[in-house]
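Participant: The opening position of the sequence shown corresponds to residue 6 in this note's numbering, with each subsequent residue numbered one higher.
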Amino acid sequence: MKKLLFMNAAAFCMCTLSVTFTSCGNDDEKPAPEPAPPTPQYQTVSFEGNYFTALIDNPQNNGPQLYPSDPEAPLYTWTDETTTLSSTLTGAYGDNKFWGGGIAISNYIDADIANHADPDHQLSVPKSNGSTNFAVVFCTAYLKLNEPKVIKNMDVTPTTYTLGVIKNGNAYAKALTEPDSYLEVIVKGFNKGKATATVRFDLALNGTFLEEWKTIDMSKLQAVDSVAFEMEGSDIGDWGLNSPQYFAIDNVVIEK
């Protein structure tokens, strides 16, 4: 009987030691992985609302907002309060007018590219993208932000003026219907004055044309506090690019 009790006690001790040994091993487990970074959230600048609508000039060419008669008039400018995205005419010719370059708010839709491919219809696009307002970029122009943020994407399309000329030509510019002909938008990003990256997209290439609204991925630019738009093309004259330097943007998606 004593022998049996001794064996049971020994077995109990061995079991206790085994449990103790196993529990000590738990202290060597790997730490829990770091939580995944939060999913980025975005806000969209759609140029809608009374503030932006009030910035639409009438008429499209030589209107009082984009072509002020007073050379001392303030430069046309706009700012989206939510994202701080903003733009101001460049005033490149010293008269504060749109022909010096900039980005103007518009809501004009005009599909008649055969007859209305001219400056009098410079704020029109051939097709709606389902929204009311958009913005027209002309020549060298800039977008700015109060602090660096990632611009995820934006929608783009040629204006009525640009599409009509690059498809059909006019007295000043060739139709871009031949192989190797092109009209390209160049988007350059900057952060505190230093270049980040460049995004390019075509309005015309080898006789094909962008005729719809298209979403362009802008995230390659990384975090930026300013963006510069420029245009290059195959139809070059003594004064530079002959093709119209107009296109439209909408639904600019910006990281919060």
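Beta carbons: idealized from backbone N, C-alpha and C, even for Gly.
No experiment lies behind these values; they were computed from the predicted model shown.
Mind checking Q46: buried by the 16 CB within 10 Å criterion, or exposed?
Facilitator: Reading the sequence shown from its first residue, position 41 is the one you call residue 46. It counts as exposed.
Participant: Closest to V161 by C-alpha separation, out of G194, K179, D207, would be which residue?
Facilitator: Here residue 161 is taken as the residue at index 156 of the sequence shown, counted from 1. Considering only alpha carbons, the answer is D207.
Participant: Where do the ends of the beta strand (DSSP E) carrying F195 lie?
Facilitator: By 1-based counting over the sequence shown, the position of residue 195 is 190. Note, F195: beta strand (DSSP E), 187 to 196.
Participant: If I follow the unbroken alpha helix (DSSP H) through N173, where does it start and stop?
Facilitator: As a first step, residue 173 is located in the sequence shown; it is residue number 168 there, counting from the start. 165 to 173 is the span of the alpha helix (DSSP H), which, as asked, contains N173.
Participant: With DSSP as the reference, label P124 as helix, strand or coil.
Facilitator: Taking the first residue of the sequence shown as 1, we reach residue 124 at position 119. Helix at P124.
Participant: Are the CB atoms of D85 and V50 nearer to each other than 8 Å?
Facilitator: If you number the sequence shown from 1, residue 85 lands on position 80. If you number the sequence shown from 1, residue 50 lands on position 45. Yes, the pair counts as a contact, with Cβ atoms nearer than the cut-off.
Participant: Grab me the residues of G105's own chain with a C-beta within less than 7 Å of its C-beta, minus the 5 sequence neighbours each way, in chain order.
Facilitator: Numbered from 1 along the sequence shown, position 100 holds the residue referred to as residue 105. Correct list, in chain order: L94, T95, G96, A97, Y98.
Participant: Below 8 Å on the Cβ atoms is my guess for A116 versus K132; work out the distance and round it to an integer in Å.
Facilitator: As a position in the sequence shown, residue 116 is number 111, starting the count at 1. As a position in the sequence shown, residue 132 is number 127, starting the count at 1. Correct: roughly 7 Å between the Cβ atoms.
Participant: Using the C-alpha atoms, what's the distance from I118 back to H126?
Facilitator: Residue numbering aside, residue 126 sits at position 121 when the sequence shown is read from its first letter. Residue numbering aside, residue 118 sits at position 113 when the sequence shown is read from its first letter. So the alpha carbons of these two residues sit roughly 10 Å apart.
Participant: State yes or no: is the C-beta of F143 within less than 8 Å of the C-beta of I254?
Facilitator: The sequence position of residue 143 within the sequence shown is 138, counting from 1. The sequence position of residue 254 within the sequence shown is 249, counting from 1. No, they are not a contact pair.
Participant: Smallest Cα separation from E217: which of P76, I114, Y56?
Facilitator: For this step, residue 217 is matched to residue 212 along the sequence shown. That would be I114, whose Cα lies nearest to the Cα of E217.
Participant: Please classify D62 as buried or exposed, where buried requires at least 16 neighbouring CB atoms within 10 angstroms.
Facilitator: If you number the sequence shown from 1, residue 62 lands on position 57. Counting Cβ neighbours within 10 Å, D62 comes out buried, since at least 16 surround it.
Participant: What residue range does the alpha helix (DSSP H) around N55 cover?
Facilitator: Along the sequence shown, one-based indexing puts residue 55 at 50. Taken as a continuous stretch (DSSP letters only), the alpha helix (DSSP H) holding N55 covers 55 to 58.
Participant: Across the region 67 to 87 and the region 158 to 173, are there enough close Cβ pairs to call them in contact, namely three or more that are closer than 8 Å?
Facilitator: Touching, no, given that fewer than three Cβ pairs across the two stretches are closer than 8 Å.
Participant: Counting Cβ pairs, one atom from each stretch, are 3 or more of them under 8 Å apart for the region 165 to 183 and the region 221 to 232?
Facilitator: The answer is no - the region 221 to 232 does not touch the region 165 to 183, with fewer than three Cβ pairs under 8 Å.
Participant: Quick one: grab the DSSP three-state call for L94.
Facilitator: Reading the sequence shown from its first residue, position 89 is the one you call residue 94. Correct three-state label for L94: coil.
Participant: Under the assumption that N247 contacts K179 (Cβ atoms under 8 Å), give the Cβ distance between them as a whole number of angstroms.
Facilitator: Along the sequence shown, read from residue 1 onward, the residue named residue 247 stands at position 242. Along the sequence shown, read from residue 1 onward, the residue named residue 179 stands at position 174. Rounded, the Cβ-Cβ distance is 7 Å, consistent with contact.
Participant: Does the distance from the C-beta atom of K5 to that of S231 stay below 8 Å?
Facilitator: Outside the shown range of the chain, which is 6 to 261, sits residue 5, and nothing can be said about it.
Participant: Note the first and the last residue of the continuous beta strand (DSSP E) segment covering I254.
Facilitator: As a working note, residue 254 is residue 249 in the sequence shown. Taken as a continuous stretch (DSSP letters only), the beta strand (DSSP E) holding I254 covers 251 to 260.
Participant: Beta carbon of M236, beta carbon of I191: below 8 Å?
Facilitator: By 1-based counting over the sequence shown, the position of residue 236 is 231. By 1-based counting over the sequence shown, the position of residue 191 is 186. Cβ atoms of M236 and I191: closer than 8 Å.
Participant: How long is the line joining the alpha carbons of K219 and G135, rounded to whole angstroms?
Facilitator: On the sequence shown, residue 219 is found 214 positions in, with the first residue counted as 1. On the sequence shown, residue 135 is found 130 positions in, with the first residue counted as 1. Going from the Cα of K219 to the Cα of G135 covers about 13 Å.
Participant: Find out if the Cβ-Cβ distance for the pair L181, S239 is shorter than 8 Å.
Facilitator: Position 176 of the sequence shown holds residue 181. Position 234 of the sequence shown holds residue 239. Taking 8 Å as the Cβ cut-off, L181 and S239 qualify as a contacting pair.
Participant: Hey, how far is the Cα of G194 from the Cα of E183?
Facilitator: Taking the first residue of the sequence shown as position 1, residue 194 is located at position 189. Taking the first residue of the sequence shown as position 1, residue 183 is located at position 178. Cα-Cα distance, rounded: 31 Å.
Participant: Check whether the Cβ atoms of A233 and P153 sit closer than 8 Å, and answer yes or no.
Facilitator: Here residue 233 refers to the residue found at position 228 when the sequence shown is read from its first residue. Here residue 153 refers to the residue found at position 148 when the sequence shown is read from its first residue. In this structure, P153 does not lie closer than 8 Å to A233 by Cβ.
Participant: Answer with buried or exposed for K102, where buried requires no fewer than 16 other C-beta atoms within 10 angstroms of its C-beta.
Facilitator: By 1-based counting over the sequence shown, the position of residue 102 is 97. The residue in question, K102, is buried, as its Cβ has 16 or more Cβ neighbours within 10 Å.
Participant: Residues in the same chain with beta-carbon distance under 6 Å from A146, minus the five sequence neighbours each way, listed in chain order, please.
Facilitator: Within the sequence shown, the letter at position 141 stands for residue 146. G106, G107, I108, F234.
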